[in-house]
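Everything in the sequence shown is counted per the working numbering, starting at 20 for the first residue and increasing by one.
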Amino acid sequence: GLGVEPLPLGQVASHYYLQYTTVALFHAELHDVDEPPIALPELLRILAEASEFDELPVRHNEEHVNAALAGTLPWPVDERALDSPHVKAQLLLQAHFAGATLPMSDYVTDLKSVLDQALRVLQAMVDIAADAGWLHSALGAMHLTQMVSQGRFLDGPQLSHLPGIDGPAEAALAACGLRYLPQLIHADARELTRTLSRHVQPKLLADLNALLVSLPATTLVAEPPPHAVAVGAECAFGVTVGATNPRMRRSAHAPAFPKARAGGWWLVLGEGEELFALKRVTAPASARAPPLKTELLLCAPEEPGTYTYDVYLVSDSYIGLDQLTTVTLVVV
Numbered sequence: 020g021l022g023v024e025p026l027p028l029g030q031v032a033s034h035y036y037l038q039y040t041t042v043a044l045f046h047a048e049l050h051d052v053d054e055p056p057i058a059l060p061e062l063l064r065i066l067a068e069a070s071e072f073d074e075l076p077v078r079h080n081e082e083h084v085n086a087a088l089a090g091t092l093p094w095p096v097d098e099r100a101l102d103s104p105h106v107k108a109q110l111l112l113q114a115h116f117a118g119a120t121l122p123m124s125d126y127v128t129d130l131k132s133v134l135d136q137a138l139r140v141l142q143a144m145v146d147i148a149a150d151a152g153w154l155h156s157a158l159g160a161m162h163l164t165q166m167v168s169q170g171r172f173l174d175g176p177q178l179s180h181l182p183g184i185d186g187p188a189e190a191a192l193a194a195c196g197l198r199y200l201p202q203l204i205h206a207d208a209r210e211l212t213r214t215l216s217r218h219v220q221p222k223l224l225a226d227l228n229a230l231l232v233s234l235p236a237t238t239l240v241a242e243p244p245p246h247a248v249a250v251g252a253e254c255a256f257g258v259t260v261g262a263t264n265p266r267m268r269r270s271a272h273a274p275a276f277p278k279a280r281a282g283g284w285w286l287v288l289g290e291g292e293e294l295f296a297l298k299r300v301t302a303p304a305s306a307r308a309p310p311l312k313t314e315l316l317l318c319a320p321e322e323p324g325t326y327t328y329d330v331y332l333v334s335d336s337y338i339g340l341d342q343l344t345t346v347t348l349v350v351v
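Structure follows, in structure tokens:
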């Protein structure tokens, strides 16, 4: 008999409680094939065009406030539509990334409303890009998710969100070659204390050390099938995700985000511009937990040969903690 099955876009809309116009927009505007990767400012524009932001209030004369705000932010917006809720959503998210002071209390409330929607809309964007096999668009949406969580630009200051780390403290760390979060996570606590003791109050320094040992420090290992596979056959790459951080956090460290949220990860299998597999995973909470063992499935190419694929472990909460490894597949 006849049956009814949901299509992928319908499944995404249902799963994330999105309007059908949003998933249609994403499917139409996201791309990787035969075109250069979409830059983050353009991805932000596409995100802000989602129907979930249709009702964001733009009050009387706020187009002038939006124009002034736009002049302080790095990414351009459509200056012909400063009275649009979608342009305002773009501006609010950029202000969130920049840590900018909002012009009035109404904008603080409006930003909270936008942030409440943004993460689930972005997760839908990731799924739609992945279903279409668009690797760069999927990774870009993941990076936007990190930016929303952390309230900073992807290429912005790496350490300023940590307890006690102001300009002088960051300069002292940089003088020791410590510029990135993974370096701090793996740094010797006594050396770190000596470096920062003249710049950071003891209470904040203790808070910083306690935080660093609880942040996710992951390991990623990917293994090909044990034997060569036939052309066109389905095969599985084994993936192991471990943790080396000694303590566990209950929620992600995201002081700029208004709500507590559990940190999660994406596992991605790709090559060139193409994404072949995506899986949402929960990494081990600490070194005391057993490693996560899972698989990413792939349909082998139709031509014999040796193929190299990239395996990504991407955080949905932290900037700078992603992992990348490669794996080789022999097809006969």
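Just so you know, even glycine gets a beta-carbon here, dropped at the ideal spot from N, CA and C.
Closer than 8 Å to chain C by CB, residue i
i: G283; result: Given the protein chain composition of this structure (a single chain), no chain C is represented.
Residues near residue i in its chain [Cβ-Cβ closer than 7 Å; skip 5 each side]
i: S305; result: A262, N264, P265, R266 and M267
i: R64; result: Q109
i: Y39; result: A32
i: D150; result: P27
i: G339; result: Q177, Y199, L200 and P201
i: G251; result: C318, A319 and E321
i: P187; result: H218
i: D97; result: V106
i: Q220; result: G183
Cβ shell of residue i (< 6 Å), same chain only, five flanking positions each side left out
i: A86; result: L101
i: V349; result: A247 and T325
i: T313; result: V258
i: C195; result: T214
i: S156; result: L49, D51, I57 and A148
i: V133; result: A108 and L111
i: T69; result: The residue you asked about is not Thr; residue 69 is Ala in the sequence shown. Around A69: T41 and V140.
i: V127; result: L121
Unbroken alpha helix (DSSP H) run spanning residue i, endpoints
i: D329; result: Run containing D329: none in the alpha helix (DSSP H); it sits in the beta strand (DSSP E), G324 to S334.
i: L154; result: L154 to Q169
i: Q113; result: P104 to A117
i: T214; result: A208 to L215
i: E61; result: L59 to A67
i: V31; result: P27 to H34
i: S270; result: Neither: S270 is in no alpha helix (DSSP H) and is coded neither H nor E.
i: N85; result: E81 to A89
i: L138; result: S124 to A151
i: K222; result: P221 to L231
i: Q202; result: L200 to H205
i: L192; result: G186 to A194
i: F45; result: Y39 to E48
Beta-carbon proximity check, residue i vs residue j, cutoff 8 Å
i: L178; j: L163; result: no
i: L317; j: Y331; result: no
i: V333; j: M166; result: no
i: I147; j: L28; result: yes
i: L121; j: A137; result: no
i: P182; j: L230; result: yes
i: A363; j: L158; result: Shown here, the chain extends from 20 to 351; a query on residue 363 therefore has no answer.
i: L294; j: W153; result: yes
i: A119; j: H180; result: no
i: E74; j: P95; result: no
i: G291; j: D335; result: no
i: V260; j: V300; result: yes
i: Y35; j: Q142; result: yes
i: F45; j: M144; result: yes
i: L92; j: A67; result: no
i: L311; j: K298; result: no
i: P245; j: A255; result: no
i: D329; j: T347; result: no
i: S168; j: A89; result: no
Cross-strand partners of residue i (DSSP beta bridge)
i: V240; result: T259
i: T345; result: D329
i: V300; result: W284
i: L294; result: G289
i: C254; result: L317
i: V350; result: V248 and G324
Residue range of the beta strand (DSSP E) that includes residue i
i: G364; result: It is not possible to answer for residue 364, since the shown part of the chain is limited to 20 through 351.
i: K312; result: L311 to C318
Cβ-heavy atom distance, residue i to the ligand FMN, below 7 Å
i: L63; result: Only the bare structure without any ligand can be found here, which leaves the ligand FMN out of the picture.
Beta-carbon proximity list for residue i, same chain, < 8 Å, skipping 5 on both sides
i: D129; result: L75, P76, K107 and L111
i: T212; result: L224 and N228
i: D226; result: P182 and G183
i: R280; result: L138, S168, S270, A271, A273 and S336
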